[in-house]
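In our numbering, the protein residues as written are 7 to 174.
Just so it is clear, CB atoms sit at the ideal spot from N, CA and C, and this is done for glycine as well.
Here is the structure we will look at, set down as C-alpha cells.
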C-alpha cells in the first residue's frame, strides 16, 4: 500500500506543542499565547508562572513577580540528525526568538517588568506500529500521549536554556 499524501499526516509540531502546553498547565503555568508571531518569527508558547501580582505595597519585590517563559518546542523522531532539536536552536534562531519576545512585551507592556526566560522543550514523536504490543518504556518522560497513530513524549524541558544579552 502506498503512503497517504502528506495532508493525511498529523501536524506533529503542533501536537508536540499541545503536549508541552498541557504539561505546563499541569505544573502551574498559565498559557498566555500560542504561536505568537511577529515579523521576526514565531514563539511556540508564551507562559506565565502563577504567582503574586504586583500591588501598590511598598514591600513588593521583583522576585515575587511571576516569570514569563518564551518556550521553543522541538518535536523530532528519536535518533534525529539534530540532537533531538537541540542543534536547531542556533544563535540566529535565538536572535529571532529574542526579537519576537521583545515584540510580545511591547504589545503587552504589563508583562514587561516580569522576569523573562527562554525555555526549550524536547518532544519525541514515534509512529505506533499496529503489530507492536505493550508500551515502550521511555526513560524520564515528563509527559506523553498518543494520537493519530503517533506517540508523543516530552523527554526534556530546559528552563532558561539560553540567555540573551541586551541588544537593541
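Query, Result
"C-beta atoms of residue 158 and residue 21 nearer than 8 Å", "yes"
"Alpha-carbon to alpha-carbon, residue 132 and residue 153", "11 Å"
"Distance, residue 24 Cα to residue 46 Cα", "23 Å"
"The alpha helix (DSSP H) enclosing residue 105, as first and last residue numbers", "97 to 113"
"Beta carbon of residue 74 nearer than 8 Å to that of residue 122", "yes"
"Residue 163 versus residue 56: straight-line alpha-carbon distance, rounded", "18 Å"
"Residue closest to residue 72, alpha-carbon to alpha-carbon, out of 127, 101, 38, 18", "38"
"C-beta atoms of residue 113 and residue 168 nearer than 8 Å", "no"
"Cβ pair residue 156, residue 134 closer than 8 Å", "yes"
"Residue 154 - DSSP class collapsed to helix/strand/coil", "coil"
"Reference residue 19; option with closest CA among 130, 53, 29", "130"
"Pairwise C-alpha distance: residue 17 and residue 29", "19 Å"
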